[in-house]
Amino acid sequence: RPETALVAPESGTQFSFPFPPYEIQLDLMRSLYTVVERGQVGIFESPTGTGKSLTLTCGVLSWLRDHEALVERELAERIEALRGEIGRLERETAGAVDWISGQFETIGIKKQLGELRGVKDLRDEYYKRLDELREKRVEFKKRFRKRSEENLLESDGRIDVENGNDDFLVEESDDDEEVAGEEEEGLRYQPVQVIFCSRTHSQLSQVVNEVRRTEFGKQIRLTMIASRQNLCINQEVRRLKTNTLVNERCLEMQKNSGKATCKDEDGNVSKKRKVGSSAQKCPFYNREAIEELKNNSLFELQDIEELVSFAKQEKACPYYASRAAVGDTQLLMVPYQNLLHRKTREQTGLDIKNAVIIIDEAHNLLDTISSIHSQEVSL
597 RPETALVAPE SGTQFSFPFP PYEIQLDLMR SLYTVVERGQ VGIFESPTGT
647 GKSLTLTCGV LSWLRDHEAL VERELAERIE ALRGEIGRLE RETAGAVDWI
697 SGQFETIGIK KQLGELRGVK DLRDEYYKRL DELREKRVEF KKRFRKRSEE
747 NLLESDGRID VENGNDDFLV EESDDDEEVA GEEEEGLRYQ PVQVIFCSRT
797 HSQLSQVVNE VRRTEFGKQI RLTMIASRQN LCINQEVRRL KTNTLVNERC
847 LEMQKNSGKA TCKDEDGNVS KKRKVGSSAQ KCPFYNREAI EELKNNSLFE
897 LQDIEELVSF AKQEKACPYY ASRAAVGDTQ LLMVPYQNLL HRKTREQTGL
947 DIKNAVIIID EAHNLLDTIS SIHSQEVSL
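Sequential numbering from 597 applies to the sequence shown in my numbering.
Shown next, in the form of structure tokens:
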């Protein structure tokens, strides 16, 4: 964490607010900025019609921008200062009688310098990899435009992502294989992440549209997280009626061998069939295509419908693409259950340590927690 404390900007322009803010909006942005900088918990209330979503995103993303710049600047300054201190100590102890004490102090400072250099190397490697992903995304866009032109006359409609029954939907156990890029071994630089949580996907999509109106829309890496029911583009799986059945069928189609239990759309077992034949493998679970879809989604603001549209063209699974993008995302848009349900949070790959968490419509929080961790039994 930087040693220098950030001070909240004074004007709407410094917050990259798209138009002159009202006083209440400026107060909210400055208060939010200060709370995040101090690592505190803030409870904010704003009247309807005051542009709460836009105000929240501008406030927290301004802090994130300033924080990243400060981390980079302080890291370089501290490394340079330690280099100078080592040089001074070596000169002073070169002809000193008590050179042992001087060497001991020098060794300690060199250790600090080595640690900071290690952080800088990881950070440089992280941003170098992001630059490489941007270049790959350019090639992806060229292919996508070509496919769009070829398929201009073909249309199979858009997936309706607003499922009225999924407000408190919890992902089932997920023991599937990891998509390439979802987990990497070894040390890795992880910058601060903002997790924006709201009740429904439509509310999250509205926030994405608000971000588009700002300067942050051109540079922020944003990912929307949703369940398989919302993101799946495999019609055989989508016809199943419950989230549990969708999860089970998705996992079955990833297996390479063995018998799979087949169920109809109501969940009744119909027959056993061999899994591993091309007919039973999901055509959208393609690691290379998923990786390319992930790279594109990181550098182009997309709501769920737009992600699904790109996924259909690329023939890649948007569910696994969004999961693979979690580690490189600056702003994660998640529904309540993905944050508040521990197992779902872990399966999604959300790391709340050192993250900035914003819970929209927080007056629903207690009811949401109760619903997520409750089961109904019909007699």
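Heads up, the beta-carbon is just placed ideally off N, CA and C, and yes, glycines get one too.
Keep in mind the model is a prediction, meaning the values are calculated, not measured.
Asked: Among residues of its own chain, excluding the 5 on either side of GLN786, which ones have a beta-carbon nearer than 7 Å to its beta-carbon?; Found: none
Asked: Count the other CB atoms, across all protein chains shown, that sit within 10 Å of the CB of ALA601; report buried if there are 16 or more and exposed otherwise.; Found: exposed
Asked: Rounded to a whole number of angstroms, what is the C-alpha to C-alpha distance between VAL930 and LEU671?; Found: 31 Å
Asked: Nearest-angstrom Cα distance between THR689 and GLU701?; Found: 10 Å
Asked: Exposed or buried, what is GLU779 when buried is set at 16 or more other beta-carbons lying within 10 Å of its beta-carbon?; Found: Note on GLU779: pLDDT 46, under 50, position unreliable in the model; the coordinate value appears next. By the 10 Å Cβ count, GLU779 comes out exposed.
Asked: State the CB to CB distance for the pair CYS793 and LEU935, rounded to an integer number of angstroms; the pair is presumed to be in contact (CB under 8 Å).; Found: 5 Å
Asked: For a test of the three-state rule: what should DSSP assign to ILE675, helix, strand or coil?; Found: helix
Asked: Given a threshold of 16 other Cβ atoms within 10 Å of its Cβ, counted over all protein chains shown, does ASN950 qualify as buried or as exposed?; Found: exposed
Asked: Flag this pair as touching only if the segment 948–966 and the segment 648–659 have three or more C-beta atom pairs under 8 Å; answer yes or no.; Found: yes
Asked: What's the gap between the Cα of VAL804 and the Cα of GLU902?; Found: 11 Å
Asked: Return yes when the Cβ of LEU946 is within less than 9 Å of the Cβ of VAL788, no when it is not.; Found: no
Asked: Per DSSP, what kind of secondary structure is LEU975 in: helix, strand or coil?; Found: coil
Asked: Would DSSP call LEU818 helix, strand or coil?; Found: strand
Asked: Per DSSP, which one or two residues make a beta bridge with PHE792?; Found: MET929, ILE954
Asked: Closer than 8 Å to a non-hydrogen atom of the ligand SAH - does that hold for the CB of PHE611?; Found: Ligands displayed in this structure: none; no statement on the ligand SAH is therefore possible.
Asked: Pick helix, strand or coil for GLN786, following the three-state DSSP scheme.; Found: coil
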